[in-house]
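Asker: Heads up: the sequence shown begins at 1 in my numbering, then just goes up one per residue. Note that CB positions come from ideal geometry on N, CA and C, so glycine has one too. One structure, pasted below without further comment.
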Amino acid sequence: MSISDTMCDAINRHINAEFYSSYLYLSMSAFCDSIDLPGFAHWMRVQSREEYDHAIRLLDYVQDRDGRVALLPVEQPPIEFDSVEQVMEATLAHERHVSDLINGLYALAAQDGDFATQVMLQWFVNEQVEEEKTARDVIAALRMVQGHSDALLLLDRDMGARTAGAPAA
Ligand SMILES: [Fe+2]
Ligand SMILES: [Fe+2]
């Protein structure tokens, strides 16, 4: 059975939200680079790539269900941030927002009696739990570092060790 127009439109809007996430983290990566935190810059770049992959995962799903992908304009992300702490707080806030969007999509799929979309979205529900936890862990690490540049240097080195696909903090 093909996907309903309502569900397809909602997923297309969410594809846009995932591309925005990718763009936001790429902008955060550039900021981290500008304040000489190459590890955080690397971590954000990996994060950006993962968000791109989320968008593609949804795009593939729409096509598998015989729906029509509609790519919408991606909003400009912020360029400047106050600090690396603010970057991570903004990351957590953004991930919480995305979790709300995923929950909304899931509710719509349930209302639509669309079981295939519910099953597909379960991956995203789990992913959001991970995403929020990871952001909280990095914020906690930054709180412990507070103002100690030698500790921040070590944390930055850890952040730089993140490999693609592994949710490292
Ligand atoms: Fe995502
Ligand atoms: Fe995310």
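1) At a threshold of 7 Å, does GLU80 count as lining ligand 2 (C-beta to nearest heavy atom)?
2) When the Cα atoms are used, what is the spatial distance from VAL129 to ILE11?
3) Here's the rule: buried if 16 or more other CB atoms are within 10 angstroms of the residue's CB, otherwise exposed. What is GLN47?
4) Where ASP33 and PHE40 are concerned, what is the direct C-alpha to C-alpha distance, given to the nearest angstrom?
5) Applying the criterion that 16 or more other CB atoms from any shown protein chain within 10 Å of the CB defines a buried residue, is ARG162 buried or exposed?
6) What would DSSP say about ILE35, mapped onto helix, strand or coil?
7) Find out if the Cβ-Cβ distance for the pair ILE79, SER27 is shorter than 8 Å.
8) So for THR117, helix, strand or coil by DSSP?
9) Rounded to whole angstroms, what is the Cα-Cα separation between ALA168 and MET159?
10) When you compare only the Cα positions, how much space is there between ALA151 and VAL145?
11) Would DSSP call THR134 helix, strand or coil?
12) To the nearest angstrom, report how far apart PHE81 and ILE35 are at their CA atoms.
13) Under three-state DSSP, which class holds GLN122?
14) Okay, do the segment 95–103 and the segment 6–21 touch, 3+ Cβ pairs below 8 Å being the bar?
15) Which first and last residues belong to the alpha helix (DSSP H) in which GLN111 is found?
Answerer: Here's the rundown:
1) no
2) 20 Å
3) buried
4) 8 Å
5) buried
6) coil
7) A contact, by the Cβ cut-off of 8 Å.
8) helix
9) Reliability fails at ALA168, whose pLDDT of 42 lies under 50, so the model's placement of it is uncertain and no value is given.
10) Their backbone Cα atoms lie some 6 Å apart in a straight line.
11) helix
12) The alpha-carbon atoms of PHE81 and ILE35 are separated by roughly 10 Å.
13) helix
14) yes
15) 84–111
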